[in-house]
Amino acid sequence: MSGNDNISKTMPSVGNAPFWYGSFSAVWVYFKVPVATLNKILATQSSALKAFPFDDLAANGQEYGLMNINFMTYSSDSGVNDPQSYADILQPITFGDQPPASMGIEPTHECEINIGSYATAKAAQTPFGLTSSQFIEGRDHTKTLGNYRLWVPCDDRIAVYWGMHNFGENKVMTHPFTYNNPAPNNPDRTIWDFTIPAPMDESATSTLLRLQMDDLVGGPGVIASNQSEIIDFSLYPHPATKPASQRLVGSRRNVFGQFKCMTAESAAAAGTPMSDCTIKLGNSAHPVVADLNAMLGGSGQFSPAGVMTYHSAPVVAESSLYYADV
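This note's numbering puts the first residue of the sequence shown at 1173, with every later residue one more than the last.
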């Protein structure tokens, strides 16, 4: 019994199996933000974590940390296909609803708004002195630093439901995303351009943000990396349950393959500037916009503190047509 009690203190009761991604494409765009600003935003949700101050970002006596916008598209195979899932696909869903009907091969688009953080309870193990480039390249071998998922807009109701229940995520179901991004089946595309629409309870014409940025296609300053295991922080139980208290929880995301990466350090070593990106904040009333405005200072053109991209390898290829009667 004592052993079970010890486990219950360190493992949330949700006990879900790992989530397996069938395919995965993503971009992480990192921005330098004053630690005081990040901590003020974090404090609105939890006192269990703080923004990590990166030594190389400090300027004029002020500490700076990182936030990132992580846009991703992925698929998963549930092994169960219920036709009701197609009828429900655009129906809003909340934490208290019944589990959604399963879609066999489920396409998901989501965009995490993350703050680079550490658990205050683990401050003694936290690698203070780490640079932003070292973190982005995956050199935090303590794995005490992670992404606190401040908000996770997502247009897939199934992912919204299970993200809230199994991972404590601050998922926000939105209208369908629009994007035109690099992909194996979009070979001429060299720009990331995605728009995150407003939540389902707002107009379909309202938005949270739009981001445009050149892809990392190689060349000076672009290096190979893998940040895995990527540590994701959330709070559990989910706030929708109105719990008396919440605990900081983490999950470890392993990405199997090579990232393309550009950091302040790799750009400086190559003598090349970091590619700029353009962000236009939307007109939605959701706190996502207000928090982004507080961190970024509004819409505009930005020089990121780092960028990572990833595309999972294709597993099957079918050739173009050829004449088979000769």
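Where is the CB? At the ideal position from N, CA and C, for every residue including glycine.
Because the structure is a prediction, the values reported are computed rather than measured.
- Put simply, the stretch 1260-1267 does not touch the stretch 1293-1307. Fewer than three CB pairs are less than 8 angstroms apart.
- Under the DSSP definition of a beta bridge, D1365 partners with Q1384.
- In this structure, the CA atom of G1390 is about 30 angstroms from the CA atom of L1380.
- Here A1331 is not near K1315, since their CB atoms are 9 angstroms or more apart.
- Here G1335 carries a helix assignment [DSSP, helix/strand/coil].
- Per DSSP, A1215 is one residue of the alpha helix (DSSP H) stretching across 1207-1215.
- With fewer than three CB-CB distances shorter than 8 angstroms, the stretch 1185-1200 does not count as touching the stretch 1446-1466.
- If you check the CB distance, E1309 and T1481 do not come in under 9 angstroms.
- Relative to S1257, the option among L1407, K1222, S1375, S1274 whose CA is nearest is S1274.
- When DSSP states are grouped into helix, strand and coil, N1465 belongs to the helix group.
- Pairing F1405 with L1388 gives a Cβ-Cβ distance that is not under 9 angstroms.
- In this structure, DSSP gives P1411 a helical state, which the three-state scheme calls helix.
- Three or more pairs of CB atoms, one per stretch, sit closer than 8 angstroms, so the stretch 1353-1373 contacts the stretch 1444-1458.
- The C-alpha of I1451 lies about 19 angstroms from the C-alpha of R1321.
- Using a C-beta cut-off of 8 angstroms, the stretch 1285-1296 makes contact with the stretch 1219-1232, since at least three inter-stretch Cβ pairs fall below that distance.
- Judged by DSSP in its simplified three-state form, I1330 adopts helix.
- Approximately 12 angstroms separates the beta-carbon atoms of E1282 and P1348; this is outside 8 angstroms, ruling out the contact.
- The C-alpha of V1207 is placed about 24 angstroms away from the C-alpha of E1401.
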